[in-house]
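What follows is a set of notes on a single structure, which appears directly below.
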Amino acid sequence: MWCYMRPFKVPWAEKKTNKESIQMADVGKRLLQQLMKRKLSYAGQIMRGSSGPLLQLSLEGKIEKKRVQGRPRRNWIDDVKEWSRSTSYGDKKRRAENREAVERHGCQPSDRRRHLIIIILTQN
1 MWCYMRPFKV PWAEKKTNKE SIQMADVGKR LLQQLMKRKL SYAGQIMRGS SGPLLQLSLE
61 GKIEKKRVQG RPRRNWIDDV KEWSRSTSYG DKKRRAENRE AVERHGCQPS DRRRHLIIII
121 LTQN
């Protein structure tokens, strides 16, 4: 979101979040909702494995290295967990693989890919 921060001449040292930059630019919630929808949709593809095993490994795998000091970095999975109101990644993955749950909601085959993860992640 640096493109919104640049006109306001905010230095990077202030460490503003994406939400703060969008509020400063007065873009509104529409952009955040669109980003969330796309990110959750892509997460559904990866969880099902339809994007290939390499992407799934990159999302779920861990790199063994020395832990750095300071606040833990925000992961891609953290956003998916927060937006889906869940702490269990494995449960959401099993739901994403279950296509019968999507068919119960009445999605057409062409809409299934876009709406699969949104429907499944909002179920608790």
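Its first residue numbered 1, the sequence shown is counted upward by one per residue in full-length UniProt numbering.
For glycine and all other residues, C-beta sits at the position ideal for the given N, C-alpha and C.
Original post:
Between the beta-carbon of N47 and the beta-carbon of W83, is there less than 7 Å?
Top reply: What you label residue 47 is simply residue 47 of the sequence shown in a count that begins at 1. What you label residue 83 is simply residue 83 of the sequence shown in a count that begins at 1. It should be pointed out that residue 47 corresponds to Met in this sequence rather than to Asn. Not closer than 7 Å, so no.
**OP:** Within 10 angstroms of the Cβ of G44, are there 16 or more other Cβ atoms? Answer buried if so, exposed if not.
**Re:** Taking the first residue of the sequence shown as 1, we reach residue 44 at position 44. Around the beta carbon of G44, a 10 Å sphere encloses 16 or more other beta carbons of the protein chains shown; the residue is thus reported as buried.
Subject >> Exposure label - A96; buried when at least 16 CB within 10 Å >> reply: Walking along the sequence shown from the start, residue 96 turns up at place 96. So A96 counts as buried.
Subject >> Limits of the unbroken alpha helix (DSSP H) element including A96 >> reply: For the purposes of this step, residue 96 is identified with residue 96 of the sequence shown, where counting begins at 1. Y89 to E97 is the span of the alpha helix (DSSP H), which, as asked, contains A96.
Original post:
Would V10 pass as a contact of K16 if the rule is Cβ separation under 7 Å?
Top reply: Taking the first residue of the sequence shown as 1, we reach residue 10 at position 10. Taking the first residue of the sequence shown as 1, we reach residue 16 at position 16. Between V10 and K16, the gap from beta carbon to beta carbon is short of 7 Å.
Original post:
If we count the other Cβ atoms within 10 Å of its Cβ and call it buried at 16 or more, is V68 buried or exposed?
Top reply: Numbered from 1 along the sequence shown, position 68 holds the residue referred to as residue 68. V68 should be labelled exposed.
Original post:
Buried or exposed: where does residue 133 fall if 16 or more other Cβ atoms within 10 Å of its Cβ makes it buried?
Top reply: Summary: the structure shown does not reach residue 133, with the chain confined to residues 1 through 124, and so no result is reported for it.
**OP:** Leaving out five residues on either side along the sequence, give the residues of the same chain with a beta carbon under 8 Å from the beta carbon of K93.
**Re:** Counting from 1 along the sequence shown, the entry for residue 93 is found at position 93. So the list reads M47, once near-sequence residues are dropped.
Original post:
Can you tell which of Y42, L32 and Q23 has its C-alpha closest to the C-alpha of L59?
Top reply: Taking the sequence shown and counting its residues from 1, one reaches residue 59 at position 59. When only C-alpha atoms are compared, the closest one is Y42.
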